[in-house]
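Per UniProt numbering, the very first residue in the sequence shown carries number 1; after that it's consecutive. Encoded as structure tokens, the structure appears first; notes follow it.
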Amino acid sequence: MDKLDQTDRKILQLLQQDCRITIKELSEKLYLSNTPVYERVKKLERNGIIKNYVAVLDPEKIDKSMVVFISVSITKHTRDVVEQLRNDALALPEVMEFYITSGSFDAMMKIMVKDMHAFQFFLQEKLSTLEYITRFNSTFVISSSDKIGYDL
């Protein structure tokens, strides 16, 4: 893909604010006709810059208001073990995000659960059963400031 120009950047910014915005509304905000805006959006999708369109949910309203970041260490750093960890972690419904990291721990996951009881269940019945995890550390989120999207 060629470098993103200002129009592409503005399209991406507007879509990050509201992915349900119509081509017509995008066109009006960009002072362009519908066809070139439509073609630009499709090109951004084809080139993988726009990966997906999602709805951002309110954790309080879906009983998932407890957010915990869990850093984990693993037994071996082979490709197979790392891939197994990634696959097993992402298969757990509580895991929202997963990262391979450097430093004191090998990976980090963001989980969301209802409360401390649900967190304890997650640790004892799910995370602890993964035999290649040697240790983990939990960091509890006290408050957050959501920022949706990337600055372009």
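Beta carbons are placed, not taken as given, at the ideal position from N, Cα and C, and that holds for glycine. It should be emphasised that the depicted structure is a prediction, and the values quoted were computed from it without experimental measurement.
- Here Y99 carries a strand assignment [DSSP, helix/strand/coil].
- Segment contact: the stretch 10-23 against the stretch 37-45, three or more CB-CB distances shorter than 8 Å; contact assigned.
- The three-state reading of DSSP puts V37 in helix, counting H, G and I together.
- Within its own chain, no residue has a Cβ closer than 7 Å to the Cβ of I62 once the five positions on either side in sequence are excluded.
- Leaving aside the five residues that flank V81 on each side, the residues in its chain whose CB is nearer than 6 Å to its CB run, in chain order, I74 and Y132.
- R20 has its alpha-carbon roughly 36 Å from the corresponding atom of S138.
- Between T101 and S71, the C-beta spacing is below 9 Å.
- Between F122 and E94, the CB-CB gap stays under 9 Å.
- Taken atom to atom, the span from the alpha-carbon of P59 to that of K76 is near 35 Å.
- Residue burial annotation: L152 is exposed, with fewer than 16 other C-beta atoms found within 10 angstroms of its C-beta.
- Between K110 and V67, the beta carbon gap of about 7 Å places them in contact (Cβ cut-off 8 Å).
- Residue state for V82 is assigned as helix, using DSSP reduced to three classes.
- For F136, same chain residues with a beta-carbon under 6 Å away, outside a window of 5 residues either side, are I70 and V72 in chain order.
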